[in-house]
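Enquirer: Chain order of the listed sequences is A and B.
Residue numbering for the first sequence follows the numbering used here, starting at 1 and increasing by one per position.
Residue numbering for the second sequence follows the numbering used here, starting at 165 and increasing by one per position.
The beta carbon of each residue, even a glycine, is placed where N, CA and C say it ideally should be.
2 protein chains.
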Amino acid sequence: MSVIDELVTSNASYANAFQHGALPLPPARKVALVVCMDARIDPAKALGLKEGDAHVIRNAGGRFADALRSLAISQTLLGTEEVAFVHHTDCGMLTFTDASIREQLKKNKKVDADHIAFLPFNDLDESVRADLRAYRASSLVRQDIPVRGFVYDVKTGAVREVKA
Amino acid sequence: MSVIDELVTSNASYANAFQHGALPLPPARKVALVVCMDARIDPAKALGLKEGDAHVIRNAGGRFADALRSLAISQTLLGTEEVAFVHHTDCGMLTFTDASIREQLKKNKKVDADHIAFLPFNDLDESVRADLRAYRASSLVRQDIPVRGFVYDVKTGAVREVKA
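#1: DSSP three-state call for alanine 134/A: helix, strand or coil?
#2: Could you compute how far the alpha carbon of asparagine 16/A sits from the alpha carbon of arginine 227/B?
#3: Go ahead and label asparagine 223/B buried or exposed: buried means 16 or more other beta carbons lie within 10 angstroms of its beta carbon, across all protein chains shown.
#4: Using the Cα positions of valine 199/B and alanine 231/B, report the straight-line distance between them to the nearest angstrom.
#5: Is proline 24/A near the ligand FMN, in the sense that its beta carbon is under 6 Å from a heavy atom of that ligand?
#6: Cutting at 6 Å between CB atoms, please list the residues of its own chain near arginine 312/B, excluding the five before and the five after it.
#7: Are the stretch 34-49 of chain A and the stretch 77-94 of chain A touching, with three or more C-beta to C-beta distances below 8 Å?
#8: Determine, for tyrosine 14/A, whether the minimum Cβ-Cβ distance to residues of chain B falls below 7 Å.
#9: Quick one: what does DSSP say leucine 213/B is sitting in, helix, strand or coil?
#10: From what residue to what residue does the beta strand (DSSP E) around asparagine 272/B run?
#11: Just the C-alpha distance for threonine 244/B and aspartate 144/A, rounded to the nearest angstrom, thanks.
#12: Going by DSSP, which residues form a beta bridge with asparagine 223/B?
#13: Are alanine 65/A and leucine 140/A close, meaning C-beta to C-beta below 7 Å?
#14: Looking only at C-alpha atoms, which of Asp276/B, Leu241/B and Arg233/B sits nearest to serine 189/B?
#15: Could you please give me the residues that DSSP links to glutamate 197/A through a beta bridge?
#16: In three-state terms, what does DSSP make of glycine 313/B?
#17: Considering only residues of the same chain and omitting the five flanking positions on each side of alanine 46/A, which have a CB-CB separation below 8 Å?
#18: Is the CB of alanine 134/A under 7 Å away from at least one CB in chain B?
#19: Pull out every residue of the stretch 135-163 of chain A whose Cβ sits closer than 7 Å to any Cβ of chain B, in chain order.
#20: So, does the CB of serine 10/A fall closer than 7 Å to a CB anywhere in chain B?
#21: Near aspartate 5/A, which residues of its chain fall below 7 Å by C-beta distance, leaving aside the five closest residues on each side in sequence?
#22: The alpha helix (DSSP H) with alanine 167/A in it runs from where to where?
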């Protein structure tokens, strides 16, 4: 049995207990989160969100670049009015460089990834500030709303704000 | 009090009850999920994941294009060996076109978004198959592992597999 099969089996129990029916499409709490894909972070549990509350955008590092399209849609069509970036301690993005992953892909898969920016970083707080700056430089997203950045500590479960 | 302040307050309770300490960085169940950012989906609850289990990549629609960088990192550096795409019923991506959102951005924000592919779709099952095809066409991600696609029903909480 593959892991995906196990997830489908788990989903049957979830659906069996599912009671609230369809919720509205626009996020009830009008907030969009940009969070790292890291397995150790459960944004809903860690931030007290229930189904229907918030857009949750996740990618390697919780970077703005891959979230721009989603944020533009979230704000333009679905009315979100706050944004929070959540990076975290012990992030995989701190463990490599563009050069090292390109070399690994070349060696293992014979593929040239020189055109891909993998967006690693070597300073956690600075990575949050860099994404806040990138957000502030984009005309596709709202500049008249709160946009904040945080570091989540995988050892304690606590978030700490990083000021721009 | 902003919504983000409320989330930070909720996080204090979460951190207070946080007991497991730091988990390993690589996902324990070696799976990466690509899920829509939709507020109504809680991937952990819906699929029976606990902290540490799986990479969760989320964007508007659950599209491959914005997930490629993250999947390459997940597989190359962190050992994931299965991929599942999860799109869903009543998705916002079914409600607009590139032309309509570009027009809206031009009108509301005076911004030219003609260079952005917003990746909407008008057929849900076909959007899943399109992402499975896009995955299969990429040399940056593993082709020797299970890659599957699903539609999540926001009315029932159940997933249904879509075959490539």
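Expert: Judging by the given coordinates:
#1: helix
#2: 27 Å
#3: buried
#4: 10 Å
#5: The ligand FMN is absent from the structure shown, which contains no ligands of any kind.
#6: Ala248
#7: yes
#8: yes
#9: coil
#10: Per DSSP, asparagine 272/B belongs to no beta strand (DSSP E); it is in the alpha helix (DSSP H), 262-273.
#11: 39 Å
#12: Cys200/B
#13: no
#14: According to the sequence displayed, residue 189/B carries leucine and not serine. Taking only the C-alpha atoms, the option nearest leucine 189/B is Leu241/B.
#15: No answer is possible for residue 197/A: the residues shown for chain A start at 1 and end at 164.
#16: strand
#17: Tyr152, Gly157 and Val159
#18: no
#19: Ser139, Leu140, Pro146, Arg148, Val154, Lys155, Thr156, Gly157, Ala158 and Val159
#20: yes
#21: none
#22: Only positions 1 to 164 of chain A appear in the structure, and residue 167/A is not among them; the question remains open.
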